[in-house]
Amino acid sequence: GFAGLSPGDRWCVCAARWLEAYHAGCAPAVVLGATHARALDVVPIDALLAHAARADAVE
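Under the numbering used here, think of the first position of the sequence shown as 1, with each following residue one higher.
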């Protein structure tokens with residue numbers, strides 16, 4: 001992990017870096033309600049939906 005982060009913490013990832021992680025097979029979960037619509041200019045909706053955070057994991 002990263003220093004200063006604990007399991008369950010959230011942080012912003014730009015769409016291009018998220019897509020890079022997706023192609024590498026290690027994309028993090030996505031909180032869809034906190035994801036800007038313009039992310040769809042970069043990332044296919046199916047990829048985001050496949051990595052949607054579980055509803056019970058969202059505060």
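Here a beta-carbon is modelled for each residue, glycine too, at the ideal position from N, C-alpha and C.
By Cβ distance below 7 Å, which residues in the same chain neighbour residue i in space, the five residues on each side in sequence not counted?
| i | result |
| --- | --- |
| Ala27 | Trp18, Ala21 and His51 |
Out of curiosity, what's the CA-to-CA distance linking residue i and residue j?
| i | j | result |
| --- | --- | --- |
| Arg10 | Val31 | 9 Å |
| Leu40 | Ala34 | 13 Å |
| Gly8 | Phe2 | 12 Å |
| Gly4 | Asp46 | 31 Å |
| Ala16 | Ala24 | 12 Å |
Only counting the same chain, and skipping five residues up and downstream in sequence, which positions put a Cβ closer than 8 Å to that of residue i?
| i | result |
| --- | --- |
| Val13 | Ala21 and Pro28 |
For residue i, count the other beta carbons within 10 Å of its own beta carbon; 16 or more makes it buried, fewer makes it exposed. Which is it?
| i | result |
| --- | --- |
| Val63 | The requested residue 63 is not part of the displayed model; the chain covers only 1 to 59. |
| Ala55 | exposed |
Given residue i, which residues of its chain have a CB within under 6 Å of its CB, disregarding the five upstream and five downstream residues?
| i | result |
| --- | --- |
| Leu48 | Val30 |
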